[in-house]
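Participant:
Residue numbers (the working numbering), protein chains in the order written: chain L, 1 to 132; chain B, 1001 to 1559.
1) Which residues of the segment 8–31 of chain L have a Cβ closer than 8 Å to any Cβ of chain B? Give them in chain order.
2) Are the C-beta atoms of residue 1452 of chain B and some chain L residue less than 8 Å apart?
3) Any C-beta of chain B sitting closer than 8 Å to the C-beta of residue 94 of chain L?
4) Take residue 51 of chain L and list the residues in its own chain whose beta-carbon comes closer than 7 Å to its own, dropping the five residues that flank it on each side.
5) Let me know if residue 1522 of chain B comes out buried or exposed under the rule of 16 or more other beta-carbons within 10 Å of its beta-carbon.
6) So residue 1167 of chain B is in the beta strand (DSSP E); what residue range does that whole segment cover?
7) Residues in its own chain within less than 6 Å of residue 1191 of chain B by CB, not counting five upstream and five downstream?
8) Which residues, taken in chain order from the segment 51–83 of chain L, show a beta carbon closer than 9 Å to some beta carbon of chain B?
9) Below 7 Å on C-beta distance, what does residue 134 of chain L contact in chain B?
10) Taking C-beta pairs closer than 7 Å, name the residues in chain L that residue 1123 of chain B reaches, listed in chain order.
11) Is there contact here, the segment 1053–1072 of chain B with the segment 1109–1125 of chain B, by at least three beta-carbon pairs under 8 Å?
12) I need the straight-line Cα distance from residue 1252 of chain B to residue 1449 of chain B, nearest angstrom please.
13) By the DSSP assignment, the beta strand (DSSP E) with residue 1564 of chain B in it spans what residues?
14) Have a look at the DSSP bridge pairing and note the partners of residue 6 of chain L.
15) Could you name the residues of chain L that residue 1119 of chain B contacts, counting a contact when the two beta carbons are closer than 9 Å?
16) Quick check: what's the CA-CA separation for residue 1554 of chain B versus residue 125 of chain L?
17) Would you mind telling me which residues of chain L sit closer than 8 Å to residue 1138 of chain B, beta carbon to beta carbon, in chain order?
18) What three-state label does DSSP hand residue 110 of chain L in the structure shown?
19) Closer than 9 Å between beta carbons: that is the criterion. Which residues of the segment 105–120 of chain L meet it against chain B?
20) Taking all protein chains shown into account, do 16 or more other C-beta atoms lie within 10 angstroms of the C-beta of residue 1235 of chain B, making it buried, or fewer, making it exposed?
21) Does any residue of chain L bring its CB to less than 8 Å from the CB of residue 1209 of chain B?
22) Does residue 102 of chain L come within less than 8 Å of chain B when only Cβ atoms are used?
23) Would you mind reading off the limits of the beta strand (DSSP E) that contains residue 1380 of chain B?
24) Can you give me the C-alpha to C-alpha distance between residue 1106 of chain B and residue 1489 of chain B, rounded to a whole angstrom?
25) How is the alpha helix (DSSP H) around residue 1400 of chain B delimited, first residue to last?
26) Within the segment 1121–1170 of chain B, note down every full beta strand (DSSP E) run reaching 3 residues or more, in order along the chain.
27) I believe residue 1225 of chain B touches residue 1270 of chain B by the beta-carbon criterion, under 8 Å. Please report the beta-carbon distance rounded to the nearest angstrom.
28) Check the C-beta distance from residue 1089 of chain B over to residue 1365 of chain B and give it rounded, since I have them as a contact under 8 Å.
29) Please work out which residues of its chain come closer than 8 Å, Cβ to Cβ, to residue 1483 of chain B, disregarding the five sequence neighbours upstream and downstream, and give them in chain order.
30) Taking DSSP's pairing of strands, which residues face residue 1093 of chain B in a bridge?
31) Excluding the five sequence neighbours on either side, which residues of its own chain have a C-beta within less than 6 Å of the C-beta of residue 1377 of chain B, listed in chain order?
32) In whole angstroms, give me the CA-to-CA distance for residue 1468 of chain B and residue 1342 of chain B.
33) Excluding sequence positions up to five away, which residues of its chain have a Cβ less than 6 Å from the Cβ of residue 1507 of chain B?
34) Would you say residue 1468 of chain B faces chain L, with C-beta separation under 8 Å as the test?
35) On the three-state DSSP scale, how would you describe residue 1211 of chain B?
36) Going along chain B, which residues have a C-beta under 8 Å from residue 40 of chain L?
Here's what the structure looks like:
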């Protein structure tokens, strides 16, 4: 089965900076992925519900407000509870280097910080999604 | 501007130069690029000369500082009279912490305050709302009630400083709190000077901290125009912002066009609400970005001033010269900062500072080197402020007015930006004005296309960002970044609990019920909000009432 990779691009929390999320979403689409963008101000519950309903391979989140330590792990935890443990979770935004180990431990597979070429993110997702 | 005979002779000489000198040189050594383009995407010529501005009419197109169309500046003496206001945007954690940072900045020679609020405050939620979890005090100070505002300005005389507040959807509530704090200091509203951002349209376009749908939002804005014209006459009632449009990825031309289109919508709304244009237009102010393309940016500011003056005069028949003047704040470009080799950002900010000052800004915030990584530390903020002070006191650029005027390139670029921005505005007029164009996603789509194009150019190496896609080095993780203690959220919750126990809750209920009734009708809401604030109703309670009456804005998601 060779269906395109499906990605949910999500903006958890209250911040409205979605330039990065949208640029990444368009680059993914240009790379042949199917992309669903949630829009702003999504709660972890809403993101997880959308991820499961849309049967995505990856949830790609962006935060620039500093709330990542709170919101990213919550999404992973909820995904696991709702049977979405196979969904790859990645994140990006203004995230200090020293927060990254903790986020990875919580189950976020990779964090992409400012300046990352979109190709790097796309490559990572392509190589790391789990397909049954 | 030039004698025709001389111009013809000069043109002939130029053709000669291109045919002989340039052709020969190019044959030996081609130029670095096949085509040079500005960040707005128009061709930058090899050389600019008198023929590029042959049609420029000095009196009509430039005139003198303080004279229509204000191309050369809004004040007659500009920085020779008074330097721009150095105003660093700051605020984080609690009101206590932010109050300390403000006092530090004032001691360092800053001349105005600029308050950053956290996201829950900007979206009208109290710190104990479930959606505030993890966000309290992160990108600005948390303000839940008048109590926090009293602490925020403790020991800062509000008749002596001017304060800018980056607040939009709940602007009326924060302005009411500011008026109430001033009253407690014994300062009457007519003595207050400052600015509220109060620009909802760009929130829909680019920044995202909207609450209410367009129509009630425009009503709240015009309510503020009306109230301030009567009671707070020195207050800038709106800061019509291109800054965030540019940060979202627009070009310089789009920044001017979409900002002025938003401005037109506010003027139309106020006139429709029955206000006279010269009653409120003198208090309209603007907010622009300053990026690295130094000369394009200078041209942008000059073009924006000229275009706005014409719009106010020709479209709205404004008579008061103050209604025609585009006064603006500038912030250096956050999106131009790199996380890589952060000290390089100091240099970028210095160039952008020059752009803002050569463009005639009224006030300026300079970004700190570490802002691509976190909120800035005190050391970084000081360097950013010193950058302004060096430009002001050492560079000499503030000693004569509009020093780049008459540059063939800058004048030609000023014309080009004005022309292209006017074309965009005509297109938006066709779509029914900015609110309609936003609803249809036109403005968002244009910005996103520019953002994506820019990203692709960077990734292909067609655009060089030093330290990021060229001249990289191995770096270790930066140390000493500012962190907001997560305990702030708990502290705010405790404060709210205490407040709700000690205030007169009957009075709070009464004031909120009165506000609800007024919101359902068509009265000016400012007096009702002021009463509620003084009874220590919280920001979340006040916005909650308005949410129930007005409903909430639904974003049109465009990819």
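Here a beta-carbon is modelled for each residue, glycine too, at the ideal position from N, C-alpha and C.
Facilitator: Straight from the coordinates:
1) Answer in chain order: 13, 14, 15, 16, 17, 18, 19, 22, 23, 25, 26, 27 and 29.
2) yes
3) yes
4) 8, 59, 79, 84 and 87
5) exposed
6) Looking at the DSSP string, residue 1167 of chain B is not in any beta strand (DSSP E), and its letter there is neither H nor E.
7) 1159
8) 64, 65, 66, 67, 68, 69, 70, 71 and 74
9) Residue 134 of chain L cannot be examined here, being either before or after the span of chain L that is shown, 1 to 132.
10) 14
11) no
12) 14 Å
13) Because residue 1564 of chain B is not part of the residues shown, which for chain B are 1001 to 1559, the question remains open.
14) L/34
15) 13, 14, 15, 16, 65 and 67
16) 31 Å
17) Annotation: Cβ neighbours of residue 1138 of chain B in chain L (cutoff 8 Å, chain order): 65, 66 and 67.
18) strand
19) 113, 114, 115, 117, 118 and 119
20) buried
21) yes
22) no
23) Where residue 1380 of chain B is concerned, there is no enclosing beta strand (DSSP E), although the alpha helix (DSSP H) it sits in stretches over 1378–1393.
24) 27 Å
25) Careful: residue 1400 of chain B lies outside any alpha helix (DSSP H) and carries neither H nor E.
26) 1162–1165
27) 5 Å
28) 5 Å
29) 1374
30) B/1141
31) 1482
32) 10 Å
33) 1535
34) yes
35) coil
36) In chain order: 1208 and 1555.
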